[in-house]
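Residue numbers for the sequence shown follow this note's numbering, beginning at 1 and rising by one.
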Amino acid sequence: MAMRNKNIPNHIGIIMDGNGRWATRQSLPRNVGHKEGINAVDRTIKAALKLNIKILTFFAFSTENWKRSSEEINGIFKLVREFIKGKKDEYKSLGVKFISIGDITKFPEDLQHELDRIKFETKGNNSLIVNLALNYGGRADIVYAVNKLIDSGIKKVSEEDILNNLYTSGLPDPDFIIRTSGEMRISNFMLYQMAYSELAFPKVLWPDFNERHLKKAIKVFSKRNRRFGGIT
Numbered sequence: 001m002a003m004r005n006k007n008i009p010n011h012i013g014i015i016m017d018g019n020g021r022w023a024t025r026q027s028l029p030r031n032v033g034h035k036e037g038i039n040a041v042d043r044t045i046k047a048a049l050k051l052n053i054k055i056l057t058f059f060a061f062s063t064e065n066w067k068r069s070s071e072e073i074n075g076i077f078k079l080v081r082e083f084i085k086g087k088k089d090e091y092k093s094l095g096v097k098f099i100s101i102g103d104i105t106k107f108p109e110d111l112q113h114e115l116d117r118i119k120f121e122t123k124g125n126n127s128l129i130v131n132l133a134l135n136y137g138g139r140a141d142i143v144y145a146v147n148k149l150i151d152s153g154i155k156k157v158s159e160e161d162i163l164n165n166l167y168t169s170g171l172p173d174p175d176f177i178i179r180t181s182g183e184m185r186i187s188n189f190m191l192y193q194m195a196y197s198e199l200a201f202p203k204v205l206w207p208d209f210n211e212r213h214l215k216k217a218i219k220v221f222s223k224r225n226r227r228f229g230g231i232t
């Protein structure tokens, strides 16, 4: 049953932090933590459907994540590929629409194919938009928008011009950003779009995140007084 609260965020961005620490604490390889993190993504998507959230953006692979070992990176790619192939039909039946932001041309061709396929096959769905931020960074997003504007020949740029040329063009800005694991930083995520987003930093590690944690975070959000620079 959906939460009956008018202050439920329309668009939630999630910085999924803590997979590695979760694995380390249990003396397991880091990619086991990433696998459990994929399970948390599945739980969160299904919880968002119940709660009537309309957009979830998951920070899945950042422009900085290329600094990690090739073993870990390839493991993440494998997990994303398996997640998409294994869950595609279920999400289609649930009305979930998949999109992505970031430069996925740097990914293996078979992974690009799976991403393109799930986006195509779910494009008519409207229960929930799941936006995967892949090879994404907030600074790179702004550079991407600026270069598009330069290529268009524009001479004077407005805020609206920037917004309309970001990877997130067509999406509303996130109302609420959740970063798990208790770390209190943004880590180059949606820098332009989160100008007035509410922020929360629950201490739970991402692999342990579930519907209860999401509800608790939304309850915190619902008590915030969002003034957007004005006076209530």
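For each residue, glycine too, the CB sits at the ideal point set by N, CA and C. Predicted, not measured: the structure shown is a model, and the values here were computed from it.
{"Item": "On the DSSP bridge list, what partners appear for F61?", "Value": "L134"}
{"Item": "Kindly indicate the opening and closing residues of the alpha helix (DSSP H) around A48.", "Value": "R30 to L51"}
{"Item": "Entirely within the region 91-172 and at least 4 residues each: give me those alpha helix (DSSP H) ranges in chain order.", "Value": "109-121, 138-152 and 159-165"}
{"Item": "In chain order, what residues of the same chain have a beta carbon less than 6 Å from the beta carbon of N7, not counting five sequence neighbours either side?", "Value": "S222"}
{"Item": "Under the assumption that P202 contacts I178 (Cβ atoms under 8 Å), give the Cβ distance between them as a whole number of angstroms.", "Value": "7 Å"}
{"Item": "So what does G18 bridge to, in DSSP terms?", "Value": "G18 pairs with nothing; no bridge assigned."}
{"Item": "Could you give the distance in angstroms between the alpha-carbon of V130 and the alpha-carbon of L214?", "Value": "16 Å"}
{"Item": "Report, in whole angstroms, the separation of the C-beta atoms of L128 and A48, which I expect to be a contact under 8 Å.", "Value": "6 Å"}
{"Item": "Do G137 and S62 have their C-beta atoms closer together than 8 Å?", "Value": "yes"}
{"Item": "The alpha helix (DSSP H) that contains F176, what's its start and end?", "Value": "From DSSP, F176 is part of no alpha helix (DSSP H) but of the beta strand (DSSP E) over F176 to R179."}
{"Item": "Applying the 10 Å Cβ sphere with the 16-neighbour rule, what's the burial state of D151?", "Value": "exposed"}
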